[in-house]
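Notes to accompany the following structure.
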Amino acid sequence: MAEQERPWRPAAMAEFESDSDAPPGFNAVSLAGIGMTVRMLEPNDLSEPADWTSLVAHLEPWGDVPNPDSIASISTAVTDRGLIAELSAESEWSAEFLPWGSDGRFRARAKAAPEGSRVPFGGYSWDGTDLIIIRPKEPLMTDAAQEVARALEADDMAAAEDELRMAGTVLGLYHVRAKVARTTPPDPSRWNARTQWLEETLRATFIWRARYSKNQPCTLSLGDVRLSDISGDSLRIGRPRLADALRTPTCEFPAMRDLASLVHDLSKIHHTSSTSLELTPLRLALIDGWRSTAPEDWISDEAFYSHRGGMAIWEYEQCLLDVLEATSHQSGAPEPAVTTLAYVKAYQKRMFGNRTFGSLSMMAAFFGIFSLVNTFPPTLVEIPLPIAFIVASLLLMRTYKRLSPPPERPFTDLGR
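In terms of our numbering, the sequence shown opens at residue 125 and continues consecutively.
This is the structure:
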C-alpha cells in the first residue's frame with residue numbers, strides 16, 4: 125500500500141525499524157519525529173476472502189463476528205483512523221482496524237451503551253490489544269453534525285439549538301449507564317501530568333494546572349466523541365483518534381471530558397460555517413441537553429466550577445490534542461484550536477484576578493473568627509465586629525464563585 129494510501133500515519137514522522145512483535149498478517153510499524161514515537165500494527169494486503177481468513181486465524185475473537193469461511197467478497201477503504209474492510213457473507217459487515225489499538229475498554233463501553241446505540245458487535249484482539257472491531261454495515265443516515273451545519277448555514281438558531289440539545293441528551297444517557305458500569309475516584313495528578321506532557325511537547329508558552337472537582341469521577345468515558353457520532357437518539361461508539369497513539373492514555377477520565385470533546389467539535393463546525401449566529405447560545409443548548417439526562421452529581425455547579433478546572437480545562441486539552449495531531453502531520457495550524465489557545469493567558473489572568481475576592485473572603489473569615497475567639501465570651505458591644513467580618517466573608521466568597529466563567533462562554537469571549 126502506497127504511503128499516501130495510509131492517511132492514519134502521521135505524515136511528518138519518519139518510519140524506523142520496529143522491534144515490536146506482530147501477529148501473522150500484520151506489520152509492526154514504528155514512526156518517530158518531533159519529539160514523539162508511535163507504534164502501529166497494520167494489516168497486509170486484503171483483496172480476497174482467503175486473505176481475511178488467514179488474517180484472523182491467529183487472532184482471538186470476541187462477541188459476534190462472521191464466520192471467516194462464510195466471507196464471499198471483501199473490499200477496503202481507508203480513513204484517517206485506519207483501514208475499513210467491508211465483508212459480504214450471509215449479511216453485510218464492516219471491520220474497522222485499530223492501527224494503534226485502544227485502551228481495552230471497547231467491550232465495556234459497548235455493554236454499557238443505552239439500547240439503540242451503534243456499537244461493535246464483536247472484534248478480534250491479539251496479546252490483549254484490540255486490533256479489529258466488527259459491526260453490521262450501517263445504512264447511510266443524517267447525523268447531528270450535518271443537521272447542525274445545515275441549520276447554521278440557514279442561520280436557524282431554533283433548529284440548531286434543538287439538534288444540539290438532543291445531542292447532549294444522548295451523551296448524558298450514555299453517561300448514566302457508564303456510571304453504573306464503572307466509576308472510580310478522580311485522578312487529578314495524572315490528568316495534570318498528561319497536560320504537562322502536552323504543553324512541553326508542543327513547547328506551549330502557557331501552563332494550566334487544575335485542582336479538579338470531586339464531582340468529576342472517572343468513568344467509562346468515550347475519549348473522543350463528535351456530533352457526527354450522534355444520529356437522532358442513537359450514539360455511535362467509534363475508534364480512538366490519532367492523539368491516543370501520540371500520547372497513550374495512562375489513566376481514566378471523567379464524563380466532563382466527553383462533553384468538552386462534543387462542545388469543541390461544535391466550535392469547529394461553527395468556525396467553518398459562514399453563519400451569523402453566536403456560538404454561546406449554541407454551546408449552552410448542548411450543555412443543557414447533557415445536564416438534562418447526565419447523573420445528577422456530575423452536572424452540579426461544582427462540577428462546572430471553572431476556578432477548579434470545570435469543563436474549561438478539558439476543552440483546553442482538546443485544543444492541545446488538535447495541535448498535537450496537526451504537528452505530527454505538519455498540516456498547519458488547526459482552527460479554532462490555535463485561536464482558542466491564544467486566549468488562554470487572558471482567560472487565566474481573569475480567573476487569577478477573581479482570586480482577589482477569594483483571598484479577601486478568607487481574610488475576613490480569619491479576622492471574624494479571631495475576634496470572636498479573642499473576646500470570648502463576647503459582650504453585646506463586641507459581637508457586631510466579628511459578625512460583620514463573617515458576613516463580609518460569605519458575601520465575598522459568593523461573589524468569587526459568581527465570577528467563575530460559565531461553561532457556555534468560549535475562551536475567545538472571556539479573554540477579551
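Note that beta-carbon positions come from the ideal geometry of N, C-alpha and C, so glycine has one too.
In this text the structure is predicted, and so the values were computed from the model without any measurement.
- Counting only runs of 4 or more residues that sit fully inside the stretch 215 to 242, the alpha helix (DSSP H) segments are 230 to 236, in chain order.
- Within the DSSP bridge table, the entry for Cys342 names Thr308 and Pro378 as partners.
- Beta bridge pairing from DSSP links Pro167 with Phe150.
- Around the beta carbon of Gly433, 16 or more other beta carbons sit within 10 angstroms, so the residue counts as buried.
- Closest in C-alpha terms to Leu403, from the list Ile423, Pro460, Val447 and Trp250, comes Pro460.
- A residue is called buried when at least 16 other Cβ atoms come within 10 angstroms of its Cβ; His395 does not meet this threshold and is exposed.
- In this structure, Ala282 is the residue among Asp143, Glu141, Ala282 and Asp227 with its C-alpha nearest to the C-alpha of Leu408.
- Secondary structure note for Ile198: its beta strand (DSSP E) is the uninterrupted segment Ser197 to Thr203.
- Contact between His182 and Pro223 does not hold, since the beta-carbon distance rounds to 18 Å and is not under 8 Å.
- Going by DSSP, Leu276 is part of the alpha helix (DSSP H) stretching over Ala268 to Glu277.
- Rounded to whole angstroms, the separation of the alpha carbons of Ser495 and Arg327 is 49 Å.
- In summary, Phe428 is buried, with 16 or more beta-carbon neighbours lying within 10 Å of its beta-carbon over all protein chains present.
- For Ile257, there is no enclosing alpha helix (DSSP H); the enclosing beta strand (DSSP E) has its first and last residue at Thr253 to Pro260.
- Beta-bridge partners assigned by DSSP to Ile423: none are found.
- In this structure, Leu351 lies away from Arg233, with their beta-carbon atoms at least 9 Å apart.
- For the set Ile514, Ala275 and Ala379, the Cα lying nearest the Cα of Thr308 is the one of Ala379.
- Between Val515 and Glu439 the beta-carbon gap is near 36 Å, outside 8 Å, which marks them as no contact.
- Its Cα nearest to that of Ala201, the residue Glu220 stands out among Pro192, Glu220, Pro185 and Glu214.
- Of the residues assessed, Ala174 falls on the exposed side of the cut-off, its CB having fewer than 16 other CB atoms within 10 angstroms.
- Nearest in C-alpha terms to His453, of all of Glu141, Ala146, Phe140 and Met160, is Met160.
- In the displayed model, Ala138 falls within a strand according to three-state DSSP.
- Under a 10 Å Cβ-count criterion, Ile195 is classified as buried, with 16 or more other Cβ atoms of the shown protein chains found around its own Cβ.
- Our two residues, Ala275 and Asp412, have alpha carbons roughly 19 Å apart in a direct line.
- Pro185: member of the beta strand (DSSP E) spanning Glu184 to Gly187, first to last residue.
- Between Leu165 and the set Ser154, Cys342, Thr329 and Asp188, the nearest pair of CA atoms involves Ser154.
- Our two residues, Ala273 and Pro260, have alpha carbons roughly 27 Å apart in a direct line.
- Counting of Cβ neighbours within 10 angstroms places Phe140 among the exposed residues, the total staying below 16.
- By the Cβ rule, the stretch 300 to 315 counts as touching the stretch 330 to 345, because three or more pairs are nearer than 8 Å.
- In the DSSP assignment, Trp250 falls within the unbroken beta strand (DSSP E) covering Gly246 to Trp250.
- Between Arg242 and Arg363, the C-beta gap is not smaller than 9 Å, which leaves the two residues out of contact.
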